[in-house]
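To start, the structure under review is shown below, and the notes come after it.
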Amino acid sequence: VSYTAARGWHDAKICPRRPLMLDPAASVFHYGQEIFEGMKAYRTQHGDIVTFRPRENARRFRDSARRMAMPELPETLFMQSLESLMACDHAWVPQGRGQSLYIRPFMIATEALLGVRPAREYQFIVIATPAGNYFDKACVDIWVTEHFARAAMGGTGAAKCGGNYAAGLMAQREAAEQGCDQVLFLDAATRQYVEELGGMNVVFVRDDNTLVTPRLTGTILPGITRDAITTIASYLNLAVEETQIAIDDIFEGAQSGRYREAFACGTAAVVSPIGRLKRRDHIVSFGDGESPGPVTSSILENLTDIQYGRKPDPYGWVETLFRA
Ligand code: PMP
53 VSYTAARGWH DAKICPRRPL MLDPAASVFH YGQEIFEGMK AYRTQHGDIV
103 TFRPRENARR FRDSARRMAM PELPETLFMQ SLESLMACDH AWVPQGRGQS
153 LYIRPFMIAT EALLGVRPAR EYQFIVIATP AGNYFDKACV DIWVTEHFAR
203 AAMGGTGAAK CGGNYAAGLM AQREAAEQGC DQVLFLDAAT RQYVEELGGM
253 NVVFVRDDNT LVTPRLTGTI LPGITRDAIT TIASYLNLAV EETQIAIDDI
303 FEGAQSGRYR EAFACGTAAV VSPIGRLKRR DHIVSFGDGE SPGPVTSSIL
353 ENLTDIQYGR KPDPYGWVET LFRA
């Protein structure tokens, strides 16, 4: 779907995947006006194609657009794009545990423009690819970076824009060099407080059956999975604390057993248990560091049961994109 300031959104079409033709001066190449979403479509046992809280993705996409001085895409257009894609061909949505179609809606500034100002022309595009589990291991190891910050107050941390990820790539590389699977960012100002992972939110399980996760202060992405988990928690008799979390307290708590479990959560990673945290030359593990704990496992099971339509959805989170 194209956008110009004069015509608004127009010319929606579905076509085979092909390279884009863009002017080399297109604003996206120079000033990074780009936002995206990540979602999954699942095939239920009845053959329906469903997706999880798509209107939340549509809302976050509008929030990201506003932050990046881009036009807002109406929810109806966002939903229609997904539905028409599935109506056109849904054969690529795989079936089976952990299998899904990963859907990537994104918007780029296409106006040829060398001066710095918000562009007046955009394209909204949706691509998709079948996906399995994000990690190929039971528990992931996390590196706590101190050199690199992802987002500062007043920055774009709460928006899902490409620049945030570009800013984190060096830290991701650092994590890999340390033998870790993901990076944990601390707050940009003091480097004392936990923020989030490269592409996931983070939750710690305290021994008083409380899920502890960083407060949304504008520097981390308000994850839809994170929100779903904090909602499911009460059903599982878990309390939730959204608060400022000192990394020192996590290391101390993991050692003393006050924090027995931790997990990463997001659309791609779903709920991925964290085995170890590594910072400078300190390593702590949650549980035995190798196998998922009971709270994490039960959250994963309850969430995916709803997502795949194996259990009733009391929250109205699952929307059917295509009925078999
Ligand atoms: N934080 C970051 C930086 C992410 O990229 C993602 C994935 N979109 C998340 C958190 C989790 O968000 P969600 O649960 O909406 O996928």
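Residue numbers for the sequence shown follow UniProt numbering, so the first one is 53 and each next one is one higher. Ideal Cβ positions, reconstructed from N, Cα and C, are used throughout, including at glycine.
- Taken atom to atom, the span from the alpha-carbon of L352 to that of R258 is near 17 Å.
- Collapsing the DSSP output to three states places H82 in a helix.
- Non-local C-beta neighbours of F158 in its own chain, meaning closer than 7 Å and more than five positions away in sequence, comprise E86, I87, F88 and I177, ordered along the chain.
- Residue state for C140 is assigned as helix, using DSSP reduced to three classes.
- Counting only residues of its own chain and dropping the five nearest sequence neighbours on each side, Q175 has a CB closer than 8 Å to the CB of V53, S54, Y55, L72, M159, I160 and T162.
- When DSSP reads this structure, H62 sits in a beta bridge with S54.
- When the Cα atoms are used, N289 and T262 turn out to be separated by approximately 9 Å.
- Three or more beta-carbon pairs drawn from the region 131-140 and the region 98-117 are found closer than 8 Å, and the two stretches are therefore classed as touching.
- Judged by the Cβ position, N261 fails to qualify as a neighbour of the ligand PMP at the 6 Å threshold, every heavy atom of the ligand being at least this far.
- Not one heavy atom of the ligand PMP lies closer than 6 Å to the C-beta of I177.
- In this structure, the ligand PMP has no non-hydrogen atom nearer than 6 Å to the beta-carbon of T181.
- Across the structure, D300 and Q244 are spaced so that their CA atoms are roughly 7 Å apart.
- The way I'd put it, the region 206-213 does touch the region 270-285; three or more beta-carbon pairs between them come closer than 8 Å.
- Here the region 306-319 makes contact with the region 250-257; the two share three or more CB pairs at distances below 8 Å.
- Assignment of beta-bridge partners to D193 by DSSP yields R328.
- DSSP, reduced to helix, strand and coil, places A240 outside both helices and strands of the structure shown, so it counts as coil.
- A straight-line Cα-Cα distance of about 48 Å links I335 and L166.
- Residue state for Q359 is assigned as helix, using DSSP reduced to three classes.
- Secondary structure note for E108: its alpha helix (DSSP H) is the uninterrupted segment P106 to R119.
- Take P170, set aside five residues on each side of it, and the residues of its chain with a beta-carbon closer than 6 Å to its own are A121, in chain order.
- About 6 Å separates the Cβ atoms of C213 and S116, confirming a contact at the 8 Å cut-off.
- For Y94, the three-state secondary structure derived from DSSP is strand.
- V323 sits in a strand when the DSSP states are folded into three classes.
- In the DSSP secondary-structure assignment, C213 is bridged to I87.
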